[in-house]
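A short write-up of the structure that comes next.
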Amino acid sequence: MPRVLTALSIFLSTAILTTGCDIKPDLNAASSVPASVNGAGGKDLKKEKENEFASAKDSGIVTVNAKSIADAATIIARKQVPVLCYHHIKDWTAKTSARAKDYIVPVDAFRDQLKMLADSGYQTVLPDQLFNYLATNAPLPPKPVMLTFDDTDLEQYTVALPEMKKYGFKGVFFIMTVSLNRPNYMTKEQVRSLADEGHEIGSHTWDHRNVKLYQEEDWATQIDKPTKQLEAITGKPVRYFAYPFGL
Numbered sequence: 021m022p023r024v025l026t027a028l029s030i031f032l033s034t035a036i037l038t039t040g041c042d043i044k045p046d047l048n049a050a051s052s053v054p055a056s057v058n059g060a061g062g063k064d065l066k067k068e069k070e071n072e073f074a075s076a077k078d079s080g081i082v083t084v085n086a087k088s089i090a091d092a093a094t095i096i097a098r099k100q101v102p103v104l105c106y107h108h109i110k111d112w113t114a115k116t117s118a119r120a121k122d123y124i125v126p127v128d129a130f131r132d133q134l135k136m137l138a139d140s141g142y143q144t145v146l147p148d149q150l151f152n153y154l155a156t157n158a159p160l161p162p163k164p165v166m167l168t169f170d171d172t173d174l175e176q177y178t179v180a181l182p183e184m185k186k187y188g189f190k191g192v193f194f195i196m197t198v199s200l201n202r203p204n205y206m207t208k209e210q211v212r213s214l215a216d217e218g219h220e221i222g223s224h225t226w227d228h229r230n231v232k233l234y235q236e237e238d239w240a241t242q243i244d245k246p247t248k249q250l251e252a253i254t255g256k257p258v259r260y261f262a263y264p265f266g267l
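Residue numbers (the working numbering): 21 to 267.
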């Protein structure tokens, strides 16, 4: 089913992405530090700021000048990019309920969908590309589409991935970390392999708890720790987050 990007538009209007990274570049401060300003105790504020931005760059965070980011109205008015959200990719059985069918795409149907996209000239894009397009009107390939996968289901690796490789498609995999290495779910090695092959790995909380119900330590358990775990597994920054149950 399509994934609605209203929240992304809101984040972009303030130049902030929902991420688990500790570093949040001060966009308003970019390129505005005087050449020779020392703070209390003789600190070189310019040098501190340069180090801060260098750390952000090393972490994979791209600093964008706030003036270059479009306002919310402009972002919302841009031509929309379809985002397809998949969960299970397996065949229905006699026990599959009507509600469950909303989250399960039969294998042949999934194959047909990818073939249709490829035959129609669609090309997959990843979140960084979509961000740059919405925020700065950076060009996208003709007929862009984003493929996303939630919940770490094993068939996303064993069924979806081989089909995607046929067409050179890349996707975004939102990982629920409590499921790693459990039966019928991906292993840590498989998640790392996805990242190594150029797919985007994002966080989908620890155990799919509704964000609206979080209290105190839930924020660390559900967001901070899973993000750090995924970064340790992939060796790459994890900058994207999919809300369980949406917004």
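Even glycine gets a Cβ: it sits at the ideal position worked out from N, Cα and C. Quantities reported herein were computed from a predicted structural model and do not represent experimental measurements.
Below 8 angstroms, can you find three or more Cβ-Cβ pairs linking the segment 170-188 to the segment 128-143? Yes: at least three Cβ pairs fall under 8 angstroms.
Just to confirm my understanding: we take residue 230, look at its own chain, exclude 5 residues before and 5 after, and list those with CB closer than 8 angstroms. What are they? By one-based count along the sequence shown, residue 230 stands at place 210. Within the same chain, residue 230 has close Cβ partners 264, 265.
Beta-ladder partner(s) of residue 192, from DSSP: Along the sequence shown, read from residue 1 onward, the residue named residue 192 stands at position 172. Within the DSSP bridge table, the entry for residue 192 names 168, 220 as partners.
Residue 175: buried (16+ other C-beta within 10 angstroms of its C-beta) or exposed? Here the question's residue 175 lines up with position 155 in the sequence shown. Buried, because 16 or more other Cβ atoms sit within 10 Å of the Cβ of residue 175.
With 16 as the cutoff for other CB atoms within 10 Å, does residue 120 come out buried or exposed? Indexing the sequence shown from 1 puts residue 120 at position 100. With fewer than 16 other Cβ atoms within 10 Å, it is exposed.
Residue 130 and residue 165 - do their beta-carbons sit closer together than 9 angstroms? The residue you call residue 165 lines up with position 145 of the sequence shown. The residue you call residue 130 lines up with position 110 of the sequence shown. Annotated as distal: residue 165 and residue 130, with beta-carbon spacing of 9 angstroms or more.
Which residue's Cα is closest to the Cα of residue 162: 153, 170, 224? As a working note, residue 162 is residue 142 in the sequence shown. Comparing Cα-Cα distances from residue 162 to each of 153, 170, 224, the minimum goes to 153.
Which residues in the same chain have their Cβ closer than 8 angstroms to the Cβ of residue 238, if we skip the five residues on either side of it in sequence? One-based indexing of the sequence shown puts residue 238 at position 218. So the list reads 229, once near-sequence residues are dropped.
Measuring straight from C-alpha to C-alpha, what distance separates residue 126 and residue 221? Numbered from 1 along the sequence shown, position 106 holds the residue referred to as residue 126. Numbered from 1 along the sequence shown, position 201 holds the residue referred to as residue 221. When the Cα atoms are used, residue 126 and residue 221 turn out to be separated by approximately 24 angstroms.
Tell me where the alpha helix (DSSP H) around residue 233 begins and ends. Within the sequence shown, the letter at position 213 stands for residue 233. Careful: residue 233 lies outside any alpha helix (DSSP H) and carries neither H nor E.
Along the chain, where does the alpha helix (DSSP H) that runs through residue 134 open and close? Here residue 134 is taken as the residue at index 114 of the sequence shown, counted from 1. Per DSSP, residue 134 belongs to the alpha helix (DSSP H) from 127-139.
Between residue 100 and the rest of its own chain, which residues show a CB-CB distance below 7 angstroms, the 5 nearest in sequence each way excluded? Position 80 of the sequence shown, counting from 1, holds the residue named residue 100. Hits under 7 angstroms: none found.
Quick one: is residue 34 buried, meaning 16 or more other Cβ sit within 10 Å of its Cβ, or exposed? Working through the sequence shown from its first residue, we reach residue 34 at position 14. Its pLDDT being 28, under 50, residue 34 is placed unreliably in this model, and the coordinates cannot settle the point.
Continuous beta strand (DSSP E) stretch holding residue 106: start and end: Walking along the sequence shown from the start, residue 106 turns up at place 86. Where residue 106 is concerned, the enclosing beta strand (DSSP E) stretches over 103-106.
Residue 139 to residue 155, Cα distance in whole Å? Within the sequence shown, the letter at position 119 stands for residue 139. Within the sequence shown, the letter at position 135 stands for residue 155. Here the alpha carbon of residue 139 sits roughly 29 angstroms from the alpha carbon of residue 155.
Could you tell me if residue 191 is buried or exposed, where buried requires 16 or more neighbouring beta carbons within 10 angstroms of its beta carbon? In the sequence shown, counting from the first residue as 1, residue 191 sits at position 171. It is buried - the Cβ of residue 191 has at least 16 other Cβ atoms within 10 Å.
Report the partner residues of residue 91 according to the DSSP bridge assignment. Position 71 of the sequence shown, counted from the start, is the residue given in the question as residue 91. In the DSSP assignment, no residue is bridged to residue 91.
Thinking just about the alpha-carbon of each residue, which of 242, 118, 144, 92 is nearest to the one in residue 199? Here residue 199 is taken as the residue at index 179 of the sequence shown, counted from 1. Of the candidates 242, 118, 144, 92, the one whose C-alpha sits nearest the C-alpha of residue 199 is 242.
Cut-off 7 angstroms between Cβ atoms - residues of its own chain near residue 42, not counting five sequence neighbours on either side: Counting from one through the sequence shown, the residue named residue 42 turns up at place 22. Note that residue 42 has pLDDT 29, beneath the 50 cutoff, so the model's placement of it is unreliable and no number is given.
Could you tell me whether the Cβ atoms of residue 173 and residue 105 are closer together than 9 angstroms? Along the sequence shown, read from residue 1 onward, the residue named residue 173 stands at position 153. Along the sequence shown, read from residue 1 onward, the residue named residue 105 stands at position 85. With contacts defined as CB atoms closer than 9 angstroms, residue 173 and residue 105 fail to qualify as a contacting pair.
Considering Cα atoms alone, identify which of 207, 214, 244, 204 is closest to residue 223. Taking the sequence shown and counting its residues from 1, one reaches residue 223 at position 203. In terms of CA proximity to residue 223, 244 leads the group 207, 214, 244, 204.
Counterpart residues of residue 144 in DSSP-defined beta bridges: Translated into the one-based positions of the sequence shown, residue 144 becomes position 124. DSSP, once it has assigned bridges, lists 165 as partnering residue 144.
Assign residue 93 to buried or exposed, taking buried as 16 or more other Cβ atoms, counted over all protein chains shown, within 10 Å of its Cβ. For the purposes of this step, residue 93 is taken as residue 73 along the sequence shown, with counting starting at 1. Counting Cβ neighbours within 10 Å, residue 93 comes out exposed, since fewer than 16 surround it.
Is residue 151 near residue 262, with beta carbons less than 9 angstroms apart? Locating residue 151 in the sequence shown gives position 131, where the first residue counts as 1. Locating residue 262 in the sequence shown gives position 242, where the first residue counts as 1. No. Outside cutoff.
Residue 205 versus residue 250: straight-line alpha-carbon distance, rounded: As a position in the sequence shown, residue 205 is number 185, starting the count at 1. As a position in the sequence shown, residue 250 is number 230, starting the count at 1. Straight-line Cα distance between these residues: approximately 15 angstroms.
For residue 258, I'd like the list of residues in its chain whose CB is within less than 7 angstroms of its CB, leaving aside the five on either flank, ordered along the chain. Within the sequence shown, the letter at position 238 stands for residue 258. Correct list, in chain order: 40, 221, 222, 223, 247, 250, 251.
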